[in-house]
Every structure is written in structure tokens, then in C-alpha cells.
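Chemist: Residues are numbered in the numbering used here as their position in the sequence shown, beginning at 1, plus a constant of 63. Quick one: the structure is below, and I'll ask about it shortly.
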Amino acid sequence: MDDGSRYDLIVLGSGAAGLTAALTARLAGLSCLVLEHAETIGGTSARSSGTVWIPANHHLEARGVHNDRTAAETYLASLVGDRGEAAMWRAFLDAAPKMLYDLESRSGLAFRPFMAAPDYRQDHPGAASGGRALEPPPFDGRLLGANFALLEPPLPELMLFGGMMVTRAEAAELLRADRAPRAAWLGLRLIARYLSDRLRHHRGTRLVLGNALVAHLFFRCRDTGVEVLTAARPDDLVIQDGRVGGVRFTHAGIERMAHARRGVVMAGGGFPANRQWCEEQLPKPAPDHSVAAPGCDGSTIALALAAGGTLGPSGLDNAFWFPGSVMIRPDGSTALWPHIVLDRPKPGLIAVDRTGRRFVNEAVSYHEFVRAMYATGAVPAWLICDRAFIRRHGLGLIRPRSPKLAHYVRNGYLKEADSIAGLAARIGIPADALAATIERWNNFAASGKDPDFGKGESIYDRAGGDPDVRPNPCVGPITVPPFHAVEIAPMPLGTSRGLRADVNARVLDRDGKPIPGLYVCGNDMQSAFGGEYPGAGAQLGQGMTFGWIAANHAAGERN
């Protein structure tokens, strides 16, 4: 690419939001350049579940669910309240189903409704029992050819055998491989494909979750003629006659410029990897770790601010959260585990603070769980269970039915003791308090009711529980020694404070007026939900929707 190349639209960032903007622009007939300052494509989106939250989507309509738009509006009005601009979440509700239908009908992308994924806040009117969250089907990474090597990989601990991806449903099925022929056959097929892949590739090419979503978007972008550069660091925006008209960037050690006739889209993924900004913007104590891609450092937000953009108002906590645990690998590197749904909602586990007392319904969404940690001063906290729990459900980085736990005990990840008092001593909390908490919990388990925090009472809680445990799939005893604990701390999976924008995804200046030629989507944009987390895939759904809006507005095809 020669210095001074001209495009219709330039996108800064290659997550799902940025790639959606690029693909939509190309489908509208615009030439498009994507600049990714990391060496890989996909950012945090590639590490995610790949789920998108799209109320009133056509898959729901096909299943006979009508009037979901009205219910979703009731839900967001109650959940968001005055913490976010109603015009923004209404714009999302209007455009999201259109975005989904457009991508599926014109680009070959596919999604399937997750009917067993209830909205996170069942305490608000209009919350759905399922179907608003959709997941991508597996994608064959071999279709990317040499570009497969450019795809951001998942977290290593989320793959089997060091490189094989499986969905959550497949993982659950594989645990039955020793007693269910269907599960055994699934395992054989997946392993055979994986072994074949490893003869030619650095990891498995059967992609699922966020890797599948990003890979399919990337594939379609390249297939339709979008130019993509990795390791291309944007240095500043070019402003001509009051309009953003290009980008100066550095690639392969050479300073370059690319002009944009229609505008530039900021899609850099927010600032969870920027330690200074996290210290300034997030609650105290600020998180030490994040599973977000390291390139999500706020640099694209900074470029937009320098061009006259403004941040939205500070919210309750300015981030989207999950509780995470940390383990040091044998090579000295750090492994992080997001405690999302695989252990916290299950029966036979509780979370306690430094006083040895419970502080939350352990089955609430990961976002609300961390909010409870901050609200009660439970930073850090501990997940407590017994050996029977780990054998059946696993715990963090420890998979179910792991034959040996000594490795996790030796490296300090797992605390273990033959008695509750011994476990309390290992983790430095009062033994009497922990014993009383567990005794009280075991009494609850006998009746299947949690009168303290209501674990297992909502359909969201129960969706993450153990269906074989009754009457409450989320409540079970802690009685089988040895007893175990894993320390958890808040970790941002993304940030919710970002550039203020209008309903057309245009960045606003200090006077509230759109800056010509400057767009934003994804976590670079102020959360349309005011920092609330309505359901699985809410970040990706919002990001892709406003990426679609930005590209169509730039093309003059908003409607």
C-alpha cells in the first residue's frame, strides 16, 4: 500500500464490532481498510464466547415468539433507568435485528438462538427466559488459509490438549464419554479432527465461540475485498476542513497515511489493558488482571479525544466484570480463569469474604457477582467447596474428574485441608466464622432453600445449576473432605465508559455535536446500556450493531 492511499472508510480495530463495520461498508460498495495495532486479528472478541444479545431477532419470530421488541424495551427501561441515554438503547433495539438479518442474508454468517440462556436480570420486567442470546456455529479455520495464523487464539486453558476448541455443550457431553456411546463417539470425532489439524497447523482449525465469530467475519471481509493490516499502529487522525479524513499510522517501521473519504471508525476495544486508566476510572482496589486482549489499551479512544471527542459520563463502575482466579504456569507466565458459569452456580459451592461469611448469591451473573464484591468489600474473596464438588464440576482451572490435584495445591492455586478449620487457616480467615457459614449452608442444602441470598430461585440461576440435583439445582452440601478454596478477584472483561456518540454512531464533541467523519463502535463507545449487563452477548451485540449503523451511515444507507 503506497503512502497516501485512499479509501471510503477506515476502521481502527479488528474485533467483532470493527469487522462488522468493515464488512457492512464493503457490502454497501465502499472500499475499506482495517488497521489493527496488534499482531493478531480479533482482540477480545476472539477470546469471548462469541454470543450476541439481539432481542426481537428473526430466529425468535420463527419460533413463534412475537412482540419481543416491546418486552425488551420494558426490560431495558427498567434495568438501565437514568444511567444511560434511552435514545441509544432504543437505537440498538431498532437496529440490532436488522443487523443480524442483514449479515445472515447477505454475507453467509449464521447464528443459532440459545434458548437456554435467560437474560441476566430476571428481577426486572420484560426479562426473557431465552432466545435473545445467539451463538455462532463452528467455523472451519482452514478456509482462512495462511491468514489462520493471524487469528487471535483463545486463552490456552479454554482449549483441550493445548489447542482443541469445544463448546460448553460439547464439554458437558464429553464428561459422559465413559458411560454414553454418543458422547464417546463425539470425543473420537473431535480428537481425530484435531490430530489431523496438528499435522498441518499450530492448533485445531475447528473453531467455536468467539474464534468462530471473528474468523467468519474476517473470512468474509477478505473475501469481499476489505484490506486488513496487522501490527499497524495508528498515530493520529487526519483532520481536514473540520472533518476527520484519514489516519497516520506506523506499519513495519514506516510512517504512512491513508485517506478516508467517508470517515474513520474507532473500534479499539476500550481500555481494560491500560493500567493507568483503570486506576483512574474503575473502583478501588483496581483490578490487577484482565482476560481482555492486551491491545485494548484505550489508544483509539485517546485519538478520538485529541480530535475533539468526549467521554460519556462516569457510571457505577465503568466496566463489565467477572470474578477471576490466577495461577502461575510452570514457565512463570500467568494463567487466568473467568469464573462465569461452570462452577459458581453449581450446588455445593459458596463464596466467602475475608470474615468467612457469604456476601452474595453465587449464581448471579458474573457482572453482578463482582459488583457485590465491591459493594461489600469482598476483594478478594474465596470459592469454597469439597472434593465431591471438584470431582463432579471442577473448580476454575481444575477440570471435572481431574485425577490429581497435587499440582494445583503445590503451585498455590488450590488451597486444601482435611477440616474446615484447617482450610480457614490456609486462607487466613476466622475458623469459627467459616465453620458457622458452612454449617448454615448445609442446613439450607437439606431443604434446598437459600433464605440468605436466594441462590437457585431465578430461572437464570437454575440454568447454570446441576439439573440432576433437586429440589434446587444450585444448592448442595459441603461435607466430603478434603475441603478446597480458590481465591478470586474482580477482572474487567471490557470497559463501559467510552466515547459519547449519537444514534448514528457518530462521536460527539464538547457541544454535543457530531464530529464529521468520526464514528465509534464496540467498547470504545459509551455503553448504550449505561454499564448494565442485560444478557449473554450484550457487549458483542451492541458493538456489532453500532458498527453496522456506522458503516451504513457512512455509506448514506442508514435506513
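No residue lacks a Cβ here, since even glycine has one placed at the ideal position from N, Cα and C.
At which residues does the alpha helix (DSSP H) containing Arg261 begin and terminate?
Modeler: Pro244 to Arg261
Chemist: Return the residue from the list Ala349, Cys95 and Glu550 that minimises the CA-CA distance to Arg285.
Modeler: Minimum Cα distance to Arg285 is reached at Cys95.
Chemist: Would you grab the beta carbon distance between Gly600 and Val115 for me? Rounded to a whole angstrom, and I think it's under 8 Å.
Modeler: Gly600 to Val115, Cβ: 4 Å. Contact.
Chemist: Measure the C-alpha to C-alpha separation of Ala255 and Gly593 and round it to an integer number of angstroms.
Modeler: 46 Å
Chemist: Per DSSP, Phe385 is paired with what?
Modeler: DSSP lists Met554 as partners of Phe385.
Chemist: Within the same chain, show all residues whose beta-carbon is closer than 7 Å to that of Thr608, passing over the 5 residues directly before and after it, in chain order.
Modeler: Phe155, Ala158, Ala159 and Met162
Chemist: Would you mind stating whether Phe483 and Ala498 have Cβ atoms separated by less than 8 Å?
Modeler: Here residue 483 turns out to be Ile, not Phe, going by the sequence shown. Contact: yes.
Chemist: Output the distance between the C-alpha atoms of Arg231 and Val327, rounded to the nearest integer angstrom.
Modeler: Going from the Cα of Arg231 to the Cα of Val327 covers about 37 Å.
Chemist: Is Ala336 helix, strand or coil by DSSP?
Modeler: coil
Chemist: Is the region 547–556 touching the region 469–480 in the sense that three or more CB pairs, one from each, lie closer than 8 Å?
Modeler: The region 469–480 makes contact with the region 547–556; the number of CB pairs closer than 8 Å reaches 3 or more.
Chemist: First and last residue of the beta strand (DSSP E) that includes His322?
Modeler: Ile317 to Met329
Chemist: When you compare the region 383–399 with the region 550–564, are there three or more beta-carbon pairs, one atom per stretch, that lie closer than 8 Å?
Modeler: yes
Chemist: Report buried or exposed for Gly144, applying the criterion of at least 16 other Cβ atoms within 10 angstroms of its Cβ.
Modeler: exposed
Chemist: Since Cys284 is in the alpha helix (DSSP H), which residue starts that stretch and which ends it?
Modeler: Leu272 to Thr287
Chemist: Can you list, in chain order, the stretches of the beta strand (DSSP E) that have 3 or more residues and sit fully within the region 385–413?
Modeler: Runs found: 397–401.
Chemist: Might you give, ordered along the chain, the residues of its own chain that have their beta carbon closer than 8 Å to the beta carbon of Ala369, omitting 5 neighbours on each side?
Modeler: Asp299 and Leu300
Chemist: Could you tell me which uninterrupted beta strand (DSSP E) segments, each at least 3 residues in length, are contained entirely in the region 525–586, listed from first to last along the chain?
Modeler: Counting only runs of 3 or more, we get 546–558, 569–571 and 577–583.
Chemist: Taking the runs of the alpha helix (DSSP H) that are 4 residues or longer, which of them lie wholly in the region 439–487?
Modeler: Correct list: 450–456 and 469–473.
Chemist: Give the straight-line distance between the Cα atoms of Pro376 and Leu139, rounded to the nearest whole angstrom.
Modeler: 19 Å
Chemist: Starting from Tyr596, trace the beta strand (DSSP E) both ways and give me its first and last residue.
Modeler: According to the DSSP assignment, Tyr596 belongs to no beta strand (DSSP E), since it is labelled neither H nor E.
Chemist: Would you give the residue range spanned by the alpha helix (DSSP H) that Ile364 belongs to?
Modeler: Ser362 to Ala369
Chemist: Measuring only the C-alpha atoms, how far is Gly226 from Pro216?
Modeler: 9 Å
Chemist: Is the separation between the beta-carbon of Arg525 and that of Pro536 shorter than 8 Å?
Modeler: yes
Chemist: Between the Cα of Gly193 and those of Leu172, Pro181, Ala349 and Asn567, spot the shortest distance and give me the residue it belongs to.
Modeler: Pro181
Chemist: Do Asp515 and Lys409 count as a contact pair if the criterion is CB distance below 8 Å?
Modeler: no
Chemist: Can you tell me whether Leu258 is buried or exposed? The criterion is at least 16 other CB atoms within 10 Å of its CB, across all chains shown.
Modeler: exposed
Chemist: What do you reckon, are the CB atoms on Gly151 and Ala591 nearer than 8 Å?
Modeler: Checking the sequence, you will find Met at residue 151 rather than Gly. In this structure, Ala591 lies closer than 8 Å to Met151 by Cβ.
Chemist: Given Leu270, which residues of its chain have a CB within under 7 Å of its CB, disregarding the five upstream and five downstream residues?
Modeler: Apart from the 5 residues on each side of it in sequence, Leu270 sits with its Cβ closer than 7 Å to the Cβ of Pro201, Phe202, Gly204, Met228 and Ala278 in its chain, given in chain order.
Chemist: Just to check my reading of the structure: Gln303 and Ser521 have Cβ atoms closer than 8 Å, yes? What is that Cβ distance to the nearest angstrom?
Modeler: Between Ser521 and Gln303 the Cβ distance is about 54 Å, and since that is not below 8 Å, they are no contact.
Chemist: Roughly how many whole angstroms lie between the Cα atoms of Val427 and Gly511?
Modeler: Using only the alpha carbons, I get a separation of about 17 Å.
Chemist: Should Arg266 be labelled buried (16 or more other beta-carbon atoms within 10 Å of its own) or exposed?
Modeler: buried
Chemist: Looking at Ile541: is its Cβ nearer than 8 Å to the Cβ of Ile501?
Modeler: yes
Chemist: Got a sec? Which residues, its chain only, sit under 7 Å from Gly147 by beta carbon, not counting five neighbours each side?
Modeler: Ser590, Ala591, Phe592 and Gly593
Chemist: Classify Gln602 as buried or exposed, calling it buried when 16 or more other Cβ atoms lie within 10 Å of its own Cβ.
Modeler: Buried, by the Cβ-count rule.
Chemist: Taking Cβ positions, are Ala564 and Thr87 nearer each other than 8 Å?
Modeler: no
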